[in-house]
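Below is one structure, written out as structure tokens; comments come after it.
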Amino acid sequence: MRVHRDDATHETILSGIGESSVDAAVHKLKDKFGVSVQTKTPRVPYKESIRAKASAQGKYKRQTGGHGQFGDAWIEIEPLVPGSGIEFATRVVGGSVPRNFWPAVEKGIREAAERGVIAGYPLSDFKATLFDGSFHTVDSSEMSFKIAGSLGLQAAVKEAQPYLLEPIMELEVLVPEDHVGDVLSDLNSRRGRVLGMDSAGGELRSVKAHVPMAETFRYATDLRSMTGGRGTFSQKVLGYEECPTHIAQKVMADHEAEKEKEGAAAH
90 MRVHRDDATH ETILSGIGES SVDAAVHKLK DKFGVSVQTK TPRVPYKESI
140 RAKASAQGKY KRQTGGHGQF GDAWIEIEPL VPGSGIEFAT RVVGGSVPRN
190 FWPAVEKGIR EAAERGVIAG YPLSDFKATL FDGSFHTVDS SEMSFKIAGS
240 LGLQAAVKEA QPYLLEPIME LEVLVPEDHV GDVLSDLNSR RGRVLGMDSA
290 GGELRSVKAH VPMAETFRYA TDLRSMTGGR GTFSQKVLGY EECPTHIAQK
340 VMADHEAEKE KEGAAAH
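Per this note's numbering, residue 90 is the first one in the sequence shown, and the count goes up by one each step.
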């Protein structure tokens, strides 16, 4: 058994050899320790990125009793090569945004990127440049510029052809020869790319494939039923690839529905 916290989805993941071992652990927690655990299929740790260059204004203005809040930042974003993370730069001229507020703008951008813009997953592999803005001598503060940076990023991303990336697993399945056809057909139905097949000794065949993580959560159970318990597999994360449009749209729609539900609960 293994328990870990997934930084991307903020979930506690309990994994074991097949669903039955996970179910047994959950029952033991309740029967022996009186701990009730709610379980569900883990979320897929998607990532967000952008294809194009775009710029937008993030303006935060609030007037309350006494001092108000005012922050105004123009942000330009552009895509970087995969794996680059987030870069921040400035090319502000003429003091339109005082230097002491630049770190607050960067913090707002990084925090908004961590929360995601289109589907609630971390946004990365882009460069953000603060290039203009304005301030108020009394009402401007680090907090108002942090919010302005966050709003500017969110607005710019929507104009920068955002897209979703999904994790891809490298799968190796060991299966008796008479079940190879079923396994290949099943992998194809899971959007898998079969790379090849080798002999693994005796009647066993090794099938290697790349399969989206979203399609593998119940694979242990499904493989067992397909092969009468004679098939085994191992997998590891290979990397990220662009998510097909129809799946990305569903993930984004689910995110919007979740936000609306949270908004309704808050009211």
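All C-beta atoms, glycine included, are put in the ideal place defined by N, C-alpha and C.
These figures come from a predicted structure and were not determined experimentally.
Membership of residue 200 in any beta strand (DSSP E) is not indicated; the residue belongs instead to the alpha helix (DSSP H) covering 191 to 204. Taking the Cα of residue 244 as reference, the smallest distance to any Cα among 166, 283, 330 and 349 is reached at 166.
DSSP places residue 316 in the uninterrupted alpha helix (DSSP H) bounded by 308 to 316.
Here DSSP, grouped into helix, strand and coil, assigns residue 334 to helix.
When the five nearest sequence neighbours on each side are left out, the beta carbons in the same chain lying within less than 8 Å of the beta carbon of residue 169 are those of 176, 214, 215 and 216, in order along the chain. The C-beta of residue 251 has 16 or more other C-beta atoms within 10 Å across all chains shown, which makes the residue buried.
Collapsing the DSSP output to three states places residue 279 in coil.
Taking the Cβ atoms as the reference, residue 186 lies roughly 23 Å from residue 155, outside the contact range of under 8 Å. Taking the Cα of residue 108 as reference, the smallest distance to any Cα among 339, 343, 305 and 325 is reached at 305. Residue 278 and residue 145 have their C-alpha atoms some 41 Å from each other.
Contact fails between the region 107 to 121 and the region 135 to 143, because fewer than three Cβ pairs, one in each stretch, are under 8 Å apart. Residue 131 has its alpha-carbon roughly 36 Å from the corresponding atom of residue 291. Listed as beta-bridge partners of residue 210 by DSSP are no residues whatsoever.
The beta carbon of residue 233 is closer than 6 Å to those of 149, 158, 159 and 160 in its chain, skipping five residues each way along the sequence. Between the alpha carbons of residue 189 and residue 211 lies a gap of roughly 27 Å.
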